[in-house]
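Comments concern the structure below.
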Amino acid sequence: MVARPVVLADANSFFASCETVFHPGLQGRPVVVLSNNDGCVVARSPQAKRLGIANGVPWFTIRSQAEQDGVVARSSNYELYASLSARMMSIMRTFLPNQEIYSIDECFLDALPSSSQTLQACRSMRDSVLKGIGIPISVGVAHTKTLAKISNHWAKSHVSAHGITRWDDIARDQGKNVLTEIPIDEVWGVGRRLSRRLQALGMVNAWDLHEADPASIRHRFSVQLERTVLELRGIPCVEAGDDASQGRRTTQILCSRMFSHPVTGWEMMGQALSVYAQKACRRLRNQGSLCAQVSAFCSTSPHDDEHEYVTLHGTTQLSNPCDDPLTIAKAACDALRERFDGHARFVRAGVLLLSLVDAAQFHTLEGLDARRDTHGLGEVLDDAARRFGPARVGIGYGGIRGHDRGNEDTGAQWTMRREMLSSRSTTRWDEMAVVHAV
DNA sequence: TCTGGGGTCCTAGGACCC
DNA sequence: TCTGGGGTCCTAGGACCC
């Protein structure tokens, strides 16, 4: 028996679309969304793409031209995107079963027993998301995830598809042309490095990879790429992630940021590590894990030709797995303090929680449990954050709240630059959208 | 002046064991 | 001089994804 096809649904230019939802005046205009610290372009509206703005380019390199072209730039507003994502996902799963949330803007779903039922469900899903959230989505249907990705891409780039493409349809109509038109580096699972190596062997498009011998691909490259070859041939090899829709428990937690200004002193670095540790710790408790290892790292700019590139990292082993923010913040600082070099200009730092274990499965002798040291401080901090907003209360100097939106997270000098931030219309009472009736 | 953040999986190689 | 073989486990690093 042939397994049912898989459906890939994702938003078109998700972040840019989110910005447009509460600012309809942006409709039809070139909009770009910038990464943290207003660094790189991470999302572009169709009009911005048409202007030739590439994904990932540093904003400062294109800023003046973009502004001349009338491009509207926004700082990334993850609180807004996460909220709209949750709404979008909840609508989608009412139309098709077994939703697997793959990223903030895309999910896999199972097809229905018949092809026509599936097509009808996809159309209704697309209409409902557009009507209910105001965000356009595209849908690809195929027997493997890799082909569903390709179909979805086709749906985005061919107006005649009306946002929905079934692999079987385009394969029937276009034959191998569908795959020959896809550059090798656009195949799911083939990144920049791999595509360079494949090109050197004469494989330049998806069809070439489809025709490659799986065994020799495995031998020369990896099992992962072999799976991609098989997936292109319609043989499913990529398993579902374990119940991602329920909030997957991750195996490591990382919180890292670029600074708005270089940091040189240990005092400020300690503040930053403490704040990152607290953020990481909140995610740790949310997923019901404890961690046994805390790593911290910091580095100078790799783009600075005047100074030597410096990167430091260290790890602290905890005597007992815990989720206590005091212990973890201290461990993060301890991991780096000895190694810290007060002369370097650090532009980023991060805290990594490792050796995670399920809190519900972890028991220790009465009195030895590290989690009890602080009498539930973590829960109190989480609760305060939920009721009053993040960073109203925190450990150490890092918890001090600033005075304006730009540095709200902590009020410290090193926090992110977000100069073009839109309103968090769905999650903050004081930033709710105002509608005027005329 | 200004170049994101947070994950996963796989592999190679070393340590260690019998 | 030549210096087992095969297995497991762990870790660092590479590559990928969005």
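So the first sequence is residues 5 to 442, counted in our numbering.
Virtual Cβ for every residue (Gly too), placed ideally from N, Cα, C.
Check this for me: beta carbons of residue i and residue j, under 8 Å apart or not?
i              : j              : result
cysteine 285   : proline 329    : yes
threonine 75   : tryptophan 63  : Per the sequence shown, residue 75 should be read as valine rather than threonine. For valine 75 and tryptophan 63, no; Cβs fall outside 8 Å.
methionine 424 : serine 79      : yes
glutamate 83   : leucine 12     : no
alanine 348    : serine 278     : no
leucine 207    : alanine 219    : Residue 207 is actually methionine in this sequence, not leucine. No, they are not a contact pair.
glycine 198    : leucine 151    : In the sequence as presented, glycine is not what sits at residue 198; that position holds leucine. No, the Cβ-Cβ distance between leucine 198 and leucine 151 is not below 8 Å.
methionine 262 : asparagine 59  : no
valine 298     : leucine 385    : no
aspartate 73   : leucine 55     : yes
leucine 503    : alanine 336    : Residue coverage of the chain in this structure runs from 5 to 442, which leaves residue 503 outside it and unanswerable.
valine 227     : histidine 214  : no
alanine 77     : isoleucine 108 : no
Once DSSP output is grouped into helix, strand and coil, what is the label at residue i?
i              : result
serine 21      : helix
isoleucine 66  : helix
threonine 169  : strand
valine 438     : coil
aspartate 362  : strand
threonine 304  : strand
valine 384     : helix
glutamine 1    : Only positions 5 to 442 of the chain appear in the structure, and residue 1 is not among them; the question remains open.
glycine 144    : strand
leucine 151    : helix
aspartate 14   : strand
alanine 425    : Residue identity check: residue 425 is leucine in the sequence provided, not alanine. Residue state, collapsed to three classes: coil.
leucine 55     : coil
glycine 410    : Residue confidence for glycine 410 is low, a pLDDT of 41 falling below 50, so the modelled location carries little weight; the figure read from the coordinates is stated next. Helix, per DSSP.
alanine 353    : strand
arginine 48    : strand
leucine 314    : Before going further, note that residue 314 is valine rather than leucine in the sequence given. In this structure, valine 314 counts as coil in the three-state DSSP scheme.
valine 61      : coil
valine 36      : strand
tryptophan 433 : helix
proline 28     : helix
valine 163     : helix
alanine 7      : coil
tryptophan 418 : coil
glutamine 256  : coil
glutamate 42   : Here residue 42 turns out to be aspartate, not glutamate, going by the sequence shown. Of the three classes helix, strand and coil, the one that applies to aspartate 42 here is helix, per DSSP.
Whose C-beta lies closer than 7 Å to the C-beta of residue i among residues of the same chain, with five residues either side of it excluded?
i              : result
isoleucine 186 : Ile154, Asn209 and Ala210
arginine 428   : Asn81, Glu83, Leu84 and Glu435
valine 133     : Met92, Ile95, Met96, Ile139 and Ile141
histidine 311  : Thr304 and Arg349
aspartate 377  : Because aspartate 377 sits at a pLDDT of 48, beneath the cut-off of 50, its placement in the model cannot be relied upon, and the following sentence gives the value as read from the coordinates. The answer, listed in chain order, is Asp328 and Thr331.
cysteine 259   : Tyr280, Lys283, Ala284, Gly354 and Val355
proline 2      : Shown here, the chain extends from 5 to 442; a query on residue 2 therefore has no answer.
alanine 364    : Gly292
arginine 196   : Asp189
threonine 184  : Asn209 and Trp211
leucine 30     : Glu23, Thr24 and Val76
valine 61      : Cys44 and Val45
Beta-carbon within less than 6 Å of residue i's beta-carbon, same chain only, minus the 5 sequence neighbours each way: which residues are those?
i              : result
asparagine 102 : Asp114
alanine 244    : Glu104
leucine 202    : Ile188
arginine 224   : none
arginine 253   : Gln291
aspartate 131  : none
arginine 231   : Cys241
Looking only at its own chain, which residues have a Cβ that is under 8 Å from the Cβ of residue i, when we skip the five neighbours before and after it?
i              : result
valine 366     : In the sequence on display, residue 366 carries phenylalanine and not valine. Hits under 8 Å: Leu294 and Pro325.
leucine 88     : Cys22, Val25, Ile137, Ile139 and Thr430
tyrosine 313   : Ser303, Thr304, Ser305 and Pro306
alanine 444    : This structure gives no information on residue 444, because the portion of the chain shown stretches from 5 to 442.
methionine 273 : Val267, Cys302, Leu340, Phe344, Phe350 and Ala353
Is residue i near the ligand ZN, going by C-beta to nearest heavy atom under 7 Å?
i            : result
arginine 170 : By its list of ligands, the structure shown contains no ligand whatsoever, and the ligand ZN lies outside what it can speak to.
Every unbroken alpha helix (DSSP H) within the stretch 74 to 142, with a cutoff of 4 residues, ordered by chain: 82 to 96 and 119 to 136
Whole alpha helix (DSSP H) elements within the stretch 316 to 347, 4-residue minimum: 329 to 341
Complete runs of the alpha helix (DSSP H) confined to the stretch 177 to 254 [at least 4 residues]: 181 to 184, 196 to 204, 210 to 215, 218 to 224 and 227 to 236
Touch test, the stretch 297 to 305 against the stretch 349 to 363, Cβ-Cβ under 8 Å, three pairs minimum: yes
The stretch 142 to 152 contacting the stretch 234 to 241, beta-carbon criterion three pairs below 8 Å: yes
4 or more residues per run - each alpha helix (DSSP H) lying fully within the stretch 258 to 293: 270 to 290
Three or more C-beta pairs below 8 Å linking the stretch 188 to 199 and the stretch 159 to 175: no
Three or more C-beta pairs below 8 Å linking the stretch 26 to 38 and the stretch 163 to 180: no
Contact between the stretch 308 to 326 and the stretch 338 to 348 (3+ Cβ pairs under 8 Å): yes
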